[in-house]
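The opening residue of the sequence shown carries number 168 in the numbering used here; numbering runs sequentially from there.
Note that the Cβ used here is the ideal one computed from N, Cα and C, for glycine as well.
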Amino acid sequence: MDAFEINKIAGAVLAALLVIFGSKTALDLVYKEHKPAKPGWALPVTEVSTAPTSAAPAAPFNAKEVLALLAKANADAGQDLFKRCLQCHTPDKGGPNRVGPNLWGIVDRARGAAPGFPYSDALKKHPGKWTFEELAKYLHDPKTDIPGNKMAFAGIKDNAELADLLVYLRKLSDTPAPLPQ
């Protein structure tokens, strides 16, 4: 390798370094970094009043209102609502328990009576039957009706939807329970 070849290689290296560092310097001159006085973004915040409001509190749940809707309730709409329940329950006669018990024959069945299902202590402490009224209260807000139960469900707040679901659950039986008067 002669001196001419070494000069060409050195020139290429210097030209590459000039392009790399020269372009960075040129970009730094064109695009100056602007540092804010205070880091972050200022978001608009609305003030929340801690003063009591004059709005009336929500009326407590009344299962009797749901029972009054049962005669006009739609079991097909209840079956559509039951799709939410299929994650944890089965509606089939002789079906398996899942995270929750099988719901065949749930209306007028004793609480905690599904064979082979490990009920929570909280539910075991609430004897009685799953009447339409008891089911309405429980399905409206399971955590409030039986505190400490294992059912991870927020509940159904719409009375008409709740009535539809109860009428569908009633159909899950060899001998459906009579509707309350």
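Rounded to the nearest angstrom, the gap between the Cα atoms of T298 and V266 is 22 angstroms. According to DSSP, residue pairing for K291 in a beta bridge does not occur. In terms of CA proximity to N316, L306 leads the group I323, L306, K324, D325.
Residue environment for R251: exposed (fewer than 16 other C-beta atoms within 10 angstroms of its C-beta). Under DSSP, A277 shares a beta bridge with K296.
Rounded to the nearest whole angstrom, the C-alpha separation of L346 and F249 is 19 angstroms.
The beta carbon of K304 is closer than 8 angstroms to those of F228, A230, D312 in its chain, skipping five residues each way along the sequence.
L332 is the residue among V274, G283, L332 whose C-alpha sits nearest the C-alpha of L253. Counting only the Cα atoms, V212 lies some 45 angstroms from E300. In this structure L339 is buried. Its beta-carbon is surrounded by 16 or more other beta-carbon atoms within 10 angstroms. In the DSSP annotation of this structure, the continuous segment of the alpha helix (DSSP H) that includes P309 starts and ends at 309-312. With 16 or more neighbouring CB atoms inside 10 Å of its own CB, H256 falls in the buried class.
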